[in-house]
Amino acid sequence: MFEPIETLNHDEKPVPVITTAVEIPGEDIVLQRYIPEINWKNATSHPVSSTVNEIFRKHALERPDAPAVCAWDAGRAFRWRGPRTPPAGVKPEVLSALLFEKSKVVTVALHAVLQAGGAFVLLDPSLPVGRLQAIFAESRAQMIISSAATAGIAAEISADSMIVDDQQIPHPSTESSDGLVNQPENALYSVFTSGSTGTPKGFLMEHRALVTCALACGQSLGLNKNSRTLQFSSNSFDLATFEHLIPFIFGACICIPSEEERKGDLTKALHKYQITLAMLTPSVSRLLEPEHLPILKTVMLCGEPVLSEDVRRWSSYVHLHNGYSPAEAGCITIMNEAMNEADPNNIGYSLGITPWVVHPDNYDQLLEVGEVGELIIQGHTVGRGYFGPRKESQSTFIDAPAWVGDFIRESYGSFYKTGDLVQFNMDGSMQFLGRKDSQVKLHGQRLELGEIEHQLRQYFPPPHAMIVELVTAENREPNLIAFVSRSQDMTSMVAHDNLFLVPDEQFIADARRAEGTLREKLPAYMVPSDFLLLSHLPMMPSGKTDRRSIRTMAANLAPMERRKYSSMLATSQGQPSTKLEESLVHLWASSLNIPIDQIGTQDNYFSLGGTSLDAIRLSASARKLGYAGLSSVMVFKHPTIQLMAGMLEGAIKQPISNMPSSVSFQLNSTVTDHLLAKCQLQANELEGGFLPTTAFQQKSAGLKCMHITLDTSGLDHSRLEAAWEAVQKKHISLRSVYITHDGCVYQAFLRQPETAISIQYCDDQPIKEVTASFCDRDAEPVLNGSRWWKLTRIIQKRDSSSLLIIRTTHAQFDAMTLNVIFKDFMAAFEGRELSQCELHFSDYMTSRVKQNLSSPVMDFWTQFLHGSQMSQPLFTDASSADLLPDHIGMVFVMRPITPTPILPVGITLASVFRAAWAFVLGNYTGQHDLVFGEFVEGRTLPLVQDVESITGCTAAETPMRITIPHHEGATVQDLLSHSQAQYATRLPFETCELPDIVPHCVPSWPVETTRFSHLLVLENTEAIPPVIVDGQVCAHNWAFHGRLEDVQVQLVPGKDTLHVAILGPEIRLSQDIADMLVDKLATTLGQFVSMPDALISKIKW
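If you're matching positions, the sequence shown starts at 1 in full-length UniProt numbering and goes up one per residue.
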């Protein structure tokens, strides 16, 4: 990665900043009544006439081998050349949108755009696509540049997109160029923030403005060529742009952890990358322990109010700064370099700008030192106005007020009204006192409450009245709450027991639908965590809504009152039933800073006020107690105590240290010799010994092959072969062979990869016809030592077009496997070295075999299925009896779920689907205790880490038992909670399949019970990522052979739609019954999500 370097010596002088200070005439004492002398003298009279390109080129020539970027995916030195010919459309004053995950390629692509003369706007791929589309349209960007991983999102934003990776970015060079493609007054970047009119607003910053501001800010921070700076902020945050640019002005190295490192263990990342300087929000800084970070020398806190506790914790260990500036006015324009624990709201002194304090309602009235007013920033660091004809531009980017002429005779830059209330102290420093409008900051992210309210009016139209407020309960993190009244009547303030109403079913459904839809349109931090129903909107004497009283009364709600009035918290709290759940409750309470009696096992972590930072804090605390598997990602995927406990239970029951990772499954020598002879192989040709297959693998291996075809026209054949060989070397599952013996199927793994891709030429016949014919001939099952994974290339002689045919079987892959394999295939084709597998499929299988035969697993299934019988519904009618074996077709029925359901809080889509099917099946069969099969990914074994990167078929078909509650008062919510609890309970044991379960755990079942009557399948819609090599998209297609033998009930999520489907062979599923069951399932699912509090007995069948 990188060599250790000498850390920053704070006695070393940083790069000097040359400015022209304003001289105050001795007789002009009047000026100092309005602005302290120190701030006046700090103003820069002229901008620095330079571009980022020029400064970067200077460092590249002087220190070409110095590290410029150090990221989780390698690094870059300062020397590299710009593109010989600029990408089409990249030129001065034209924006390119950059859509990347955390990677060095972000910074390198950014500089490639700048060196071609263009400007950029950073896009965060985690934002909703609709939000990204709005930013792209508003910015008038000409194109979007992305990585292969984000190419799918880019295609949804714009048809004008370019996919790049590190190999396509210019290579290092010390060549210089005298021809400058841009000028200091040209646009450098754009930043977008929340807009009060319902759409994000953006502005442009010029090169000279950024350089002027960066030089002043960086000097105060002590930045120099030895600094190693942290790039932490997400790309949706304006600080991310500064983190990418400011270090390069000083020849420093920018360090970029991966998203997992950033969210998982920031302390470890700071050590790994030897960070010396970090710009953090106070909230993030509280995740760190300063005494454990000896290399870290400088911390700048920004984006949020600083607390006395923050100053106390950090000031003894680092050079602590408090930085302030709206993005529109520059990177950091005011800074406190000597923070005082007794005065954390002191933001310090101006840097290169002139600060003015004016009357909040009249900026033509200048206020004197000591008076509280709105801060106006004047300087050459101020950006251009907002895009488009926005009123905000006229009201915030203003012309020089009339009083300016009394003090200045030459231009000292543009004026920006911040909306922030400040006060000059007598020593010239500034006190930050809050906002004069509804704009707020949450975890450093600026947001307009008006934008959220604008979006919510679509779901609560008149006569509803509604406001959104940032509510901070005592000792709690602030969170957004939407307050809705069904009437626009306004009255004077009354007691809160008359203000807040208990929400009815309709309001809860409306609130949850609004919350779910907002998540598709707005960043997560802008989505309210709760919706409270009001009897009316309280009014101030002025006739305006009394927002402060609403905030105060909501913050003062007692915990049980809050649950009573909430639309998002679970209706029943639920108590922990195991020691693990009790431990998790205490961890939640600590990270959320709430009493344990306010937390129920069915509560959603985020509905209790949790944030992404809280999730990181929870993960860190869990690691200290030994729950290494509780990552921040798990908190988002499994946000209830019940789900979390289910995910962790397996790892706790069976630690990895007890699981062999290299011991082969042992067969006696006679069987081994027979298997070797049958596949005509020598023992030394295999990597390890023979392993059993899973029941799902065994069934799949006996079916016909499937083929994946890729359009490889124009791609070099030898590079394709080299890439395929490299991928096979890395992934042992691609070298697997299957051998049958005595009714069983075994698997083994060849040592040597296949090095050749065979070629077939076609003349006049269309290439697609030749390919289809080839696949039909190549479709028979491949057993007894032959390779399943086999590549053949069909080439059309006439035009050199070609298709690459990949033969495989479902016994060898699942959706996650294809993602990993094709990403590695793209990387290898482009010459990148592949990382080593931490865990091979053979290791996984060894662990799985051991676990599935262990006593805890057998005990679980014995208890889980005790007293049950397999559900055996008949899905056929009289028409199926006349079918001939050679004329059996497929039945397939699909129905959309409209509108797209908004899930009950804390309940997953899979849990709703499972419960809805159990309800339908129960009514169809007349049973209330149901056992059916589920297709699962099988990646929940308590293995080391990175289990999702295992390549091979980990899937399993496992039993699920659902009991429909039939007691008086049973609700849909009861069934949904039961469905989710059953899933969480089964999760650690789900890789065990019927052939092992039936004889050992349910002796009352017929011994021939080796398959289910039907299977529930939650479809994965992202089986293969876009396959892009050398910038060329290789379109891919599937070819399935043979027919499905099982009846499957599927949930098929799409981009904007959701479908349920049923399919199966006609001999097991008739058309009329399939139509009826799918209609019932779609209706039931819709009822379950819209009426979770309804009685089960009232749900229509």
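Cβ atoms here follow ideal geometry from the backbone N, Cα and C, with glycine treated the same way.
Check, Outcome
"Secondary structure of residue 833, DSSP reduced to three states", "coil"
"Alpha carbon of residue 550 to alpha carbon of residue 916, nearest angstrom", "39 Å"
"Identity of the residue in 1042, 540, 642 and 400 nearest residue 777 by Cα", "1042"
"Selection from 914, 744 and 922 that minimises the alpha carbon distance to residue 936", "914"
"Reference residue 156; option with closest CA among 823, 52, 132 and 476", "132"
"Straight-line Cα distance separating residue 591 from residue 212", "41 Å"
"Own chain partners of residue 202 with C-beta closer than 8 Å, once the 5 adjacent residues on each side are dropped", "121, 135, 138, 139, 190, 191, 192, 193, 386 and 387"
"Of the residues 401, 991 and 1027, the one placed nearest residue 695, counting alpha carbons only", "991"
"Reference residue 230, options 253, 648, 308 and 222, closest by Cα", "253"
"Counted within 10 angstroms of its Cβ, other Cβ atoms place residue 1091 as buried (16 or more) or exposed", "buried"
"Close beta carbons around residue 1104, own chain, < 7 Å, minus the five adjacent residues each side", "The structure shown does not extend to residue 1104, since the chain spans only 1 to 1101, so no value can be given for it."
"Delimiting residues of the beta strand (DSSP E) encompassing residue 852", "No beta strand (DSSP E) holds residue 852; the alpha helix (DSSP H) holding it covers 841 to 852."
"Every unbroken alpha helix (DSSP H) within the segment 893 to 946, with a cutoff of 4 residues, ordered by chain", "909 to 925"
"Alpha carbon of residue 83 to alpha carbon of residue 636, nearest angstrom", "Reliability fails at residue 83, whose pLDDT of 48 lies under 50, so the model's placement of it is uncertain and the value that follows must be treated cautiously. Taking the straight line from one Cα to the other gives about 41 Å."
"Rounded separation between residue 639 and residue 485 - CA only", "29 Å"
"Distance, residue 888 Cα to residue 963 Cα", "34 Å"
"Between the CA atoms of residue 753 and residue 727 - distance to the nearest angstrom", "9 Å"
"Closest Cα partner of residue 209 within the set 249, 143, 234 and 977", "249"
"DSSP state of residue 213 mapped onto helix, strand, coil", "helix"
"C-alpha gap between residue 876 and residue 705, whole angstroms", "28 Å"
"Under 8 Å between C-beta atoms of residue 988 and residue 940", "yes"
"Segment limits, beta strand (DSSP E) that includes residue 747", "744 to 749"
"Span of the alpha helix (DSSP H) around residue 869", "Here residue 869 belongs to no alpha helix (DSSP H), and DSSP marks it neither H nor E."
"Cβ-heavy atom distance, residue 515 to the ligand MN, below 7 Å", "Absence of the ligand MN is noted for the structure shown, with no ligands found whatsoever."
"Closest by C-alpha distance to residue 324, when choosing among 340, 318, 341 and 349", "349"
"Under the three-state DSSP convention, the category residue 530 falls into", "strand"
"Extent of the continuous beta strand (DSSP E) run through residue 442", "439 to 442"
"Distance between beta carbons of residue 63 and residue 225, contact taken as under 8 Å", "7 Å"
"DSSP-derived helix/strand/coil call for residue 1105", "The structure shown does not extend to residue 1105, since the chain spans only 1 to 1101, so no value can be given for it."
"The segment 852 to 861 touching the segment 738 to 748, judged by at least three CB pairs closer than 8 Å", "no"
"Range covered by the beta strand (DSSP E) that runs through residue 363", "362 to 366"
"Inter-stretch contact at 8 Å, needing at least 3 Cβ pairs: the segment 1028 to 1035 / the segment 707 to 721", "yes"
"Residues that DSSP places opposite residue 356 in a beta bridge", "376"
"Euclidean distance between Cα positions of residue 372 and residue 269", "42 Å"
"Cutoff 6 Å; reference residue 238; Cβ partners in own chain excluding five residues on either side", "191 and 327"
"Given residue 787 as reference, the closest of 773, 686, 865 and 759 once Cα atoms are compared", "686"
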